[in-house]
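K.L.:
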Amino acid sequence: MSGPARIYLDHAATTPVRRDVQAAMLAHAGEAAYNPSSLHLEGRRARALLDDARDRVAALLGAHRSEILFVAGGSEADNLALFGVAHALRERGRHLVSSRIEHHAVLHALDALREDGFEVTLLEVDRNGYVDVDAFAAALRPDTILASIMLANNEIGTLQPVGRLARLAHERGVLFHTDAVQAPPYIAIDVDDLGADLISLAAHKFYGPKGVGVLYVRRGVALRAILHGGSQEFGKRAGTENVLGAVGLATALELVILERSEVAPRVEALRDRLEAGVLTAVADARVNAREAVRVPHIASFSFAEVDSEPLVVRLDLEGIAVSAGSACASGVLEPSHVIAALGLDPGWQRGVLRCSLGRDTTAEEIDASVEALARVVGDLRGKNSTPA
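Set out below in structure tokens:
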């Protein structure tokens, strides 16, 4: 016997695999089971599926097929971009530029590069999460080889002016990478319009399977492999390819692009409804980066006199799945590095909640979530208060 329907507001952490994608993967599961590097018939059939998936992704991004590398997800894509360029160009320079609100896959990779003798400049952001364009330009030095600024922040949703930043980098002879993992369902990604030399994507952020992603690498960009073995993925990523995952990724990307013009404004209206409802129903609440241009699906809240962990747990008991900031840091609930970078007073950094909507989110779910959130916050504040 099934329980009451739950409300899923954690799409920035992962999206459920949609049925059309499941069907496409199931239809090709037999052919995809073989090694695409093998010369026999079974291997050639797997290779044909992989080539088709690569061609489809390249066409959707406006790229050449040789510029599409299939990897294991967004974290590997970020790591391959940073380590691959840094080690390929280390004789030319050892300075990299990024921001304080990047995903941990970027920040922790940069930490490792520091230990390997590279210098990293992390740019501050303003209260809406924006990187200052002039500060970015000033940070570029003759020995800067790579800049990495994410397109859409995974915690607060802020969209950076990546096209402008990439042009500034190129004017100084600096390569530019962007983590665009949160963008595909809502923001058009054309490699020439975006201007980045390297772009990271992950299928499970746009209703595809986990364990597969893409790193776009513009032709001519020097990139040293970080996984060593066979010569798969044009010699840049060793290991037998996840053919079935590539099929799922290509299908999922096609579908979100096809429906983007209808889904994006609907999700944005629901996010605005959620934010307005929370600010009306809950005292001492704020929406983080509310004045920024954001991806439509992410709403970040701060609540005074409440801690994130009990708030998330209580909402889960109410049947609502949300996140205390970035899900990638769950299990070790620390103050969010993104929220801290906004320069908010410490009191606003304790009770941070991220709600991220999806293509199937409804107005009824939003209204029920507002009601539950107001009740839970009120209850937690009551328990935290001390009688006079």
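Residue numbering for the sequence shown follows this note's numbering, starting at 1 and increasing by one per position.
Don't be surprised by glycine CBs; every beta carbon is placed ideally from N, CA and C.
Small disclaimer: the values here were computed from a predicted structure and weren't measured.
1. Checking the sheet assignment: what are the DSSP bridge partners for Thr-158?
2. Quick one: give me the first and last residue of the alpha helix (DSSP H) that Ala-138 is part of.
3. Which word fits His-177, buried or exposed, when buried means at least 16 other C-beta atoms lie within 10 angstroms of its C-beta?
4. Can you check whether the CB of Ala-58 is closer than 8 angstroms to the CB of Leu-244?
5. Going by the CB atoms, is the gap between Ile-226 and Asn-128 shorter than 8 angstroms?
6. Would you give the residue range spanned by the beta strand (DSSP E) that Arg-100 belongs to?
7. Mind reading off the beta-carbon distance from Val-214 to Leu-249? Whole number of angstroms is fine, and I expect it under 8 angstroms.
8. Let me know the beta strand (DSSP E) ranges lying completely inside the stretch 43-99, each 3 residues or longer, listed in chain order.
9. Taking the C-alpha atoms as reference points, what is the distance between Ala-183 and Ala-152?
10. With DSSP as the reference, please indicate the residues paired to Ala-32 in a beta bridge.
11. What is the residue span of the alpha helix (DSSP H) that Asp-192 lies within?
12. Would you check if the stretch 345-357 and the stretch 159-179 touch, i.e. whether three or more CB-CB distances between them fall below 8 angstroms?
13. Just to confirm, is the Cβ distance from Leu-123 to Val-106 under 8 angstroms?
14. Across which residues does DSSP place Thr-121 in a beta bridge pair?
15. Indicate whether Val-162 and Leu-194 have their beta-carbon atoms separated by less than 8 angstroms.
16. Taking 8 angstroms as the cut-off, decide whether the C-beta atoms of His-87 and Arg-219 are in contact.
17. In this structure, how does DSSP classify Phe-234 when only helix, strand and coil are distinguished?
18. Taking DSSP's pairing of strands, which residues face Leu-223 in a bridge?
19. What residue does the beta strand (DSSP E) around Ile-149 start on, and which one ends it?
20. Check whether the Cβ atoms of Ala-12 and Ser-356 lie closer than 8 angstroms to each other.
21. Run through DSSP, which three-state label would Gly-211 get?
22. Over what stretch of residues does the beta strand (DSSP E) that includes Arg-354 continue unbroken?
23. On a Cα-Cα basis, can you pick out the residue from Ser-37, Val-306, Leu-201, Phe-301 that is closest to Pro-185?
24. What does DSSP give as the partner residues of Phe-206 in its beta bridges?
25. Counting along the chain, where does the beta strand (DSSP E) carrying Leu-249 start and finish?
26. Is the beta carbon of Val-312 sitting closer than 8 angstroms to the one on Ala-304?
27. In terms of alpha-carbon separation, which member of Ala-289, Ala-33, Glu-318 lies closest to Ala-340?
28. Can you have a look at Glu-364 and say buried or exposed, based on whether 16 or more other CB atoms are within 10 angstroms of its CB?
29. Among Tyr-216, Glu-371, Leu-60, whose alpha-carbon lies nearest the alpha-carbon of Val-85?
30. Which of helix, strand or coil does DSSP assign to His-108?
31. Using the Cα positions of Leu-270 and Gly-62, report the straight-line distance between them to the nearest angstrom.
32. Helix, strand or coil for Val-174 per DSSP?
33. Quick one: Cα of Val-282 to Cα of Ile-156, how far?
P.N.:
On the basis of the coordinates in this document:
1. As a first step, residue 158 must be located in the sequence shown, where it is residue number 158. Paired residue(s): Arg-294.
2. Taking the first residue of the sequence shown as 1, we reach residue 138 at position 138. That run of the alpha helix (DSSP H) goes 133-139.
3. Residue mapping note: residue 177 aligns to position 177 of the sequence shown, counting from 1. The residue is buried, with at least 16 neighbouring Cβ atoms inside 10 Å.
4. As a position in the sequence shown, residue 244 is number 244, starting the count at 1. As a position in the sequence shown, residue 58 is number 58, starting the count at 1. For Leu-244 and Ala-58, no; Cβs fall outside 8 angstroms.
5. Here residue 128 refers to the residue found at position 128 of the sequence shown. Here residue 226 refers to the residue found at position 226 of the sequence shown. Cβ atoms of Asn-128 and Ile-226: not closer than 8 angstroms.
6. Walking along the sequence shown from the start, residue 100 turns up at place 100. Here Arg-100 belongs to no beta strand (DSSP E), and DSSP marks it neither H nor E.
7. Residue mapping note: residue 214 aligns to position 214 of the sequence shown, counting from 1. Residue mapping note: residue 249 aligns to position 249 of the sequence shown, counting from 1. Sure, about 7 angstroms apart at Cβ, within 8 angstroms.
8. DSSP runs (the beta strand (DSSP E)) wholly in the stretch 43-99: 68-71, 95-99.
9. Residue 183 sits at position 183 when you count from the first residue of the sequence shown. Residue 152 sits at position 152 when you count from the first residue of the sequence shown. If you take the alpha carbons of Ala-183 and Ala-152, they lie about 6 angstroms apart.
10. As a working note, residue 32 is residue 32 in the sequence shown. DSSP output for Ala-32 lists no bridge partner at all.
11. The residue labelled residue 192 in the question sits at position 192 within the sequence shown. That run of the alpha helix (DSSP H) goes 191-194.
12. no
13. Your numbering for residue 123 matches position 123 in the sequence shown. Your numbering for residue 106 matches position 106 in the sequence shown. No; because the gap between Cβ atoms is not below 8 angstroms, this pair is not in contact.
14. Indexing the sequence shown from 1 puts residue 121 at position 121. BP columns for Thr-121 point to Val-97.
15. For the purposes of this step, residue 162 is taken as the residue at position 162 of the sequence shown. For the purposes of this step, residue 194 is taken as the residue at position 194 of the sequence shown. A contact, by the Cβ cut-off of 8 angstroms.
16. One-based indexing of the sequence shown puts residue 87 at position 87. One-based indexing of the sequence shown puts residue 219 at position 219. The Cβ atoms of His-87 and Arg-219 lie no closer than 8 angstroms to each other.
17. By 1-based counting over the sequence shown, the position of residue 234 is 234. If DSSP states are grouped into helix, strand and coil, Phe-234 belongs with the helices.
18. For this step, residue 223 is matched to residue 223 along the sequence shown. None, per the DSSP bridge assignment.
19. If you number the sequence shown from 1, residue 149 lands on position 149. That residue, Ile-149, is in no beta strand (DSSP E); it is neither H nor E in DSSP.
20. Start at 1 with the first residue of the sequence shown, and residue 12 comes out as number 12. Start at 1 with the first residue of the sequence shown, and residue 356 comes out as number 356. Yes; because the gap between Cβ atoms is below 8 angstroms, this pair is in contact.
21. In the sequence shown, residue 211 corresponds to position 211, counting from 1. DSSP places Gly-211 in coil when its eight states are reduced to three.
22. The sequence position of residue 354 within the sequence shown is 354, counting from 1. 352-356 is the span of the beta strand (DSSP E), which, as asked, contains Arg-354.
23. Looking up residue 185 in the sequence shown gives position 185. With distances taken between Cα atoms, Pro-185 lies closest to Leu-201.
24. Walking along the sequence shown from the start, residue 206 turns up at place 206. None; Phe-206 has no bridge partner.
25. Your numbering for residue 249 matches position 249 in the sequence shown. Segment 243-281 is the alpha helix (DSSP H) holding Leu-249; no beta strand (DSSP E) there.
26. Locating residue 312 in the sequence shown gives position 312, where the first residue counts as 1. Locating residue 304 in the sequence shown gives position 304, where the first residue counts as 1. Contact: no.
27. By 1-based counting over the sequence shown, the position of residue 340 is 340. Out of Ala-289, Ala-33, Glu-318, Ala-289 has the C-alpha closest to the C-alpha of Ala-340.
28. Stepping through the sequence shown from its first residue, residue 364 is reached at position 364. So Glu-364 counts as exposed.
29. Against the sequence shown, residue 85 aligns to sequence position 85. Comparing Cα-Cα distances from Val-85 to each of Tyr-216, Glu-371, Leu-60, the minimum goes to Tyr-216.
30. Here residue 108 is taken as the residue at index 108 of the sequence shown, counted from 1. Correct three-state label for His-108: helix.
31. Walking along the sequence shown from the start, residue 270 turns up at place 270. Walking along the sequence shown from the start, residue 62 turns up at place 62. Straight-line Cα distance between these residues: approximately 31 angstroms.
32. As a position in the sequence shown, residue 174 is number 174, starting the count at 1. Coil, per DSSP.
33. Position 282 of the sequence shown, counted from the start, is the residue given in the question as residue 282. Position 156 of the sequence shown, counted from the start, is the residue given in the question as residue 156. Approximately 19 angstroms, taken between the alpha carbons.
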